[in-house]
Amino acid sequence: MRQLVYEILEKQKKALSLYEIEQQFDNVERSTIFRTLKTFQDNYLIHSIDDGTGAVKYALCDDDCTCKPDDLHIHFLCNKCGQTHCMKDMPVPKMDLAEGFSFENANFVVKGICPNCR
1 MRQLVYEILE KQKKALSLYE IEQQFDNVER STIFRTLKTF QDNYLIHSID
51 DGTGAVKYAL CDDDCTCKPD DLHIHFLCNK CGQTHCMKDM PVPKMDLAEG
101 FSFENANFVV KGICPNCR
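Set out below in structure tokens:
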């Protein structure tokens with residue numbers, strides 16, 4: 001199952017929701033896929049994206065990713081097709097937080113129209 005889920009994510013040029021991954025299989029429990037995704041995330045193979053659509057999406061990490069602040073990048077949500085894309089060459093901007101605040105994570109989503117929908 002892990003190999004099959006990994007191959008689905010590897011083939012895609014976009015982030016996929018649990019539902020979208022589930023649709024690739026005929027007879028697999030959603031909980032099995034979710035546990036696989038959780039294992040991948042715990043081992044820095046994938047990262048999750050909350051793009052504001054109500055469904056968390058998942059995409060493969062780069063080989064050297066540790067999901068630390070320096071690895072964070074911008075995501076793009078197409079307003080027409082609903083696909084979410086990783087902009088891995090566009091890091092999340094650094095922020096100077098007020099005293100007493102510590103940075104742990106950021107969710108930076110740009111919304112617009114992707115090249116396929118133009």
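Numbering (full-length UniProt numbering), first residue to last: 1 to 118. Backbone N, C-alpha and C fix where the C-beta goes; we use that ideal spot for every residue, glycine too. None of the values given here were measured: they were computed from a predicted structure.
Between the alpha carbons of residue i and residue j, how many angstroms are there, rounded?
| i | j | result |
| --- | --- | --- |
| K80 | Y6 | 27 Å |
| L77 | V109 | 7 Å |
| Y91 | D71 | It should be pointed out that residue 91 corresponds to Pro in this sequence rather than to Tyr. P91 and D71: Cα-Cα distance of roughly 7 Å. |
| S48 | A59 | 7 Å |
| H75 | D51 | 8 Å |
| K38 | Y44 | 10 Å |
| F25 | I8 | 10 Å |
Measuring alpha carbon to alpha carbon, tell me which of the options ends up nearest residue i.
| i | options | result |
| --- | --- | --- |
| K111 | E22, T84 and P93 | T84 |
| I113 | L4, K88 and G82 | G82 |
| V56 | A98, E10, I8 and N107 | N107 |
| P115 | L4, K13 and L9 | K13 |
| F40 | F25, M1 and I74 | M1 |
| C61 | K11, I46, D51 and D50 | I46 |
| V28 | D50, L4, L16 and Y44 | L4 |
| M87 | E10, A15, D42 and I8 | A15 |
| N105 | A98, K94 and E99 | K94 |
Terminal residues of the continuous beta strand (DSSP E) containing residue i?
| i | result |
| --- | --- |
| K88 | T84 to P91 |
| I74 | H73 to C78 |
| V109 | V109 to G112 |
| A59 | K57 to L60 |
Less than 7 Å separating the Cβ of residue i from some heavy atom of the ligand COA?
| i | result |
| --- | --- |
| G100 | With respect to the ligand COA, the structure offers nothing, as it holds no ligand at all. |
May I ask which residues mark the beginning and end of the alpha helix (DSSP H) holding residue i?
| i | result |
| --- | --- |
| L9 | R2 to K11 |
| request: Please go through the segment 23-47 and give each complete alpha helix (DSSP H) segment of 4 or more residues, from N-terminal end onward. | output: Restricting attention to alpha helix (DSSP H) runs no shorter than 4 residues, the segment 23-47 encloses them at 30-42, ordered along the chain.
| message | Could you check whether the segment 49-66 touches the segment 15-27, counting it as contact only if at least three pairs of C-beta atoms, one from each stretch, sit closer than 8 Å? | response | The answer is yes - the segment 15-27 touches the segment 49-66, with three or more Cβ pairs under 8 Å.
| Taking three-plus beta-carbon pairs below 8 Å as touching, is the segment 63-71 in contact with the segment 25-35? | No: the two stretches stay apart, fewer than three of their Cβ pairs being nearer than 8 Å.
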